[in-house]
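Have a look at the structure below, then the notes.
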Amino acid sequence: GMSHILTHIEDHVLHIVINRVDKKNALTRSMYQQMADAIFDAKHHPDIRVILLKGHGDCFTAGNDIQDFASKEESEHVAETAAFMRALMDCEKPVIAQVHGVAVGIGTTMLLHCDFVYAQPNTRFVLPFINLGLVPEYASSYLLPKIAGRRKASEWLMLGEPFGTEDAYQFGLLTDIVPETSLSDKVMSVCKKLVEKPAFSLLQTKSLLNNDTDLIRQQMDIELDVFIQAMGMDAAQEAFDAFLNKRPINPDKFK
Ligand code: COA
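Under this note's numbering, the first residue of the sequence shown is numbered 1, with each subsequent residue one higher.
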């Protein structure tokens, strides 16, 4: 069948394109695994100097596939997601995200692990975990307060309401807001600049900036235990079922 993750290398840039347009680029287990493999393979690929993440169609990604979340298989069911996020955090080469439309859940979380993030002005971000009976994931409860400050991190994670590019930019989630017509050119020009930097200096600069990986990994493991616990609880199961059946959440079951 048609692949939901497209990859190609062009001018030393590995393009990873999320391509599940009919489902708003919601990410399934196999999509995470393909992205994990692509990032992992890039490590030993001398032709790849920069990695670019983006979405086809009208958005970046609607986040984790909720059908996948709803299946109660416990811990192994986040294995591919964890493999992708670990590959992203361990990636020695610079990663750029090009964002438009919506970036939901892990679609926003993964931006915290990218080196550059450019978004179109009308992009909407949301960390909806609290509204799904879930908790922050992949070190966002560590990185978000660090990047945005505790006030914003609490608002974004405890209310779970969508926010726009102005907020995202002001609170450090974005490198820049770029109009739709020039976004792709802007991102390509940044990729080109990075490709032309001395390779040793570029990799070492990223490595030096990533000087708290132990704390990141530690918080990620702590979060994942709580996340898996939450997934099996009544509130989350009610939220997943409501979404999949296109009905409102029953507040009696969402406690
Ligand atoms: N998982 C599974 N399917 C999803 C999905 C997700 N995260 N997000 C969207 N889809 C599916 C919808 O079920 C719908 O499928 P259908 O056409 O078979 O009915 C299709 O993608 C289009 O989505 P729709 O909701 O109709 O589009 P929209 O433009 O009205 O809204 C969103 C877009 C992203 C705001 C909305 O889809 C949404 O809130 N998705 C859930 C996001 C979420 O909570 N993700 C989990 C993060 S932890």
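A virtual CB, placed ideally from N, CA and C, is assigned to each residue, including glycine.
Exercise. With a Cβ-Cβ cutoff of 9 Å, do Leu27 and His15 count as a contact?
Worked result: Taking 9 Å as the cut-off, the beta carbon of Leu27 is found no closer than this to the beta carbon of His15.
Exercise. Between Val102 and ligand 1, is the CB less than 8 Å from at least one heavy atom?
Worked result: Yes, the Cβ of Val102 comes within 8 Å of a heavy atom of ligand 1.
Exercise. Hey, how far is the Cα of Thr108 from the Cα of Thr165?
Worked result: When rounded, the distance between both Cα atoms is 12 Å.
Exercise. Taking the continuous alpha helix (DSSP H) assigned at Leu194, which residues delimit it?
Worked result: First-last of the alpha helix (DSSP H) with Leu194: Glu180 to Val195.
Exercise. Tell me which same chain residues have a C-beta within less than 7 Å of the C-beta of Leu215, skipping the five on either side of it?
Worked result: Cβ within range, chain order: Tyr142.
For this session: Report the rounded CA-to-CA distance for Val99 versus Asn250, giving the unit in angstroms.
Result: Distance between the alpha carbons of Val99 and Asn250: 33 Å.
Exercise. Apart from the five residues on each side of it in sequence, which residues of its chain come closer than 8 Å, Cβ to Cβ, to Pro179?
Worked result: Answer for Pro179: Gln120 and Pro121, listed in chain order.
For this session: Using beta-carbon positions only, say whether Met110 and Leu53 come within less than 9 Å of one another.
Result: Going by C-beta atoms, Met110 is nearer than 9 Å to Leu53.
For this session: Note down, one range per segment and in chain order, each beta strand (DSSP E) of at least 3 residues found wholly within the segment 41-100.
Result: If we require 3 residues or more, the beta strand (DSSP E) runs fully inside the segment 41-100 come out as 50-55 and 95-99.
Problem set entry | Where Arg124 falls: helix, strand or coil (DSSP) | The answer is strand: DSSP assigns Arg124 an E or B state.
Exercise. Which residues share a DSSP beta bridge with Val102?
Worked result: For Val102, which the question treats as bridged, DSSP gives the partners Arg124.
For this session: Compare the C-alpha of Thr181 against each of Leu224, Tyr118 and Asn131 and name the closest.
Result: For the options Leu224, Tyr118 and Asn131, the alpha carbon positioned closest to that of Thr181 is the one of Tyr118.
For this session: With DSSP collapsed to three states, give me the class of His8.
Result: His8 falls in the strand class under three-state DSSP.
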